[in-house]
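Position in the sequence shown counted from 1, then plus 36, gives you the numbering used here.
Ideal placement from N, C-alpha and C gives every residue a C-beta, glycine not left out.
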Amino acid sequence: MSNTHTGACFCGAVEIEVSGAPEAMGYCHCGSCRAWSAGPVNAFTLWKPEAVKVTKGEELLSEYAKNPTSERQFCIRCGGHVMTGHPTFGLTDVYAATIPSLDFRPALHVNYAETVLPMKDGLPKLKDFPAELGGSGEAIPE
Numbered sequence: 037m038s039n040t041h042t043g044a045c046f047c048g049a050v051e052i053e054v055s056g057a058p059e060a061m062g063y064c065h066c067g068s069c070r071a072w073s074a075g076p077v078n079a080f081t082l083w084k085p086e087a088v089k090v091t092k093g094e095e096l097l098s099e100y101a102k103n104p105t106s107e108r109q110f111c112i113r114c115g116g117h118v119m120t121g122h123p124t125f126g127l128t129d130v131y132a133a134t135i136p137s138l139d140f141r142p143a144l145h146v147n148y149a150e151t152v153l154p155m156k157d158g159l160p161k162l163k164d165f166p167a168e169l170g171g172s173g174e175a176i177p178e
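Written as structure tokens, this is what we have:
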């Protein structure tokens, strides 16, 4: 498997490239991710910011920051969601669906206390975030 993957927004005007291996992959169940993704759960891949590069259409990216922990970026042409910068974590979330060639292997669920779609998949379910990212690190049952 290649260690470089490309992806794009919904219309293809903005293209990105990720390289290396993600720091983590999983599912987020928080209300903000659900509202932003218009789905009951959001599949994330977290990367060091230097591993993520906009290769086309950077001028078409806009950003919305509801809070200081999430800088959500989207294409102004199609509205397609591309990635979210998490400056307090030192990571960038490139939505798993945006990079289809990546072998998505989720390792955990975060913010599971807010779930609206219980998932029995045997993965750890964290109440909020891992302790090293400022959360409680508390696991809750499936």
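(request) Just confirm the distance between the C-beta atoms of G62 and F80, as a whole number of angstroms; I'd bet it's less than 8 Å. (result) For the purposes of this step, residue 62 is taken as residue 26 along the sequence shown, with counting starting at 1. For the purposes of this step, residue 80 is taken as residue 44 along the sequence shown, with counting starting at 1. Their Cβ separation, rounded to whole angstroms, is 6 Å, which keeps G62 and F80 in contact under 8 Å.
(message) Taking 7 Å as the limit between beta carbons, can you name the residues of its chain near A167, skipping five residues before and five after?
(response) Sequence index remark: in the sequence shown, residue 167 carries index 131 (1-based). Excluding sequence neighbours, A167 sits near G173.
(request) Express the C-alpha separation of E107 and H122 in angstroms, rounding to a whole number. (result) The count along the sequence shown starts at 1 and reaches residue 122 at position 86. The count along the sequence shown starts at 1 and reaches residue 107 at position 71. About 6 Å.
(request) Examine the Cβ distances between the region 116-134 and the region 144-161 and report whether three or more of them are shorter than 8 Å. (result) no
(message) Between which residues of its own chain and F46 is the CB-CB distance below 6 Å, once the five residues before and five after are set aside?
(response) For the purposes of this step, residue 46 is taken as the residue at position 10 of the sequence shown. These residues qualify, in order along the chain: C114 and G116.
(message) I need the boundaries of the beta strand (DSSP E) containing R108, first residue and last residue.
(response) Against the sequence shown, residue 108 aligns to sequence position 72. Here the beta strand (DSSP E) through R108 covers S106 to C111.
(message) Within a Cβ cutoff of 6 Å, which residues of the same chain sit near K89, ignoring the five residues on either side of it in sequence?
(response) For the purposes of this step, residue 89 is taken as the residue at position 53 of the sequence shown. Excluding positions up to five away in sequence, the list reads E53.
(request) Please look up how many angstroms separate the CB atoms of P136 and G43, rounded, as I've assumed it's under 8 Å. (result) By one-based count along the sequence shown, residue 136 stands at place 100. By one-based count along the sequence shown, residue 43 stands at place 7. Confirmed, about 7 Å.
(message) Taking 7 Å as the threshold (C-beta atoms), are L97 and V50 in contact?
(response) Numbered from its first residue, the sequence shown carries residue 50 at position 14. Numbered from its first residue, the sequence shown carries residue 97 at position 61. Yes; because the gap between Cβ atoms is below 7 Å, this pair is in contact.
(message) Please state whether the Cβ-Cβ distance between A149 and P160 is less than 7 Å.
(response) Locating residue 149 in the sequence shown gives position 113, where the first residue counts as 1. Locating residue 160 in the sequence shown gives position 124, where the first residue counts as 1. Not closer than 7 Å, so no.
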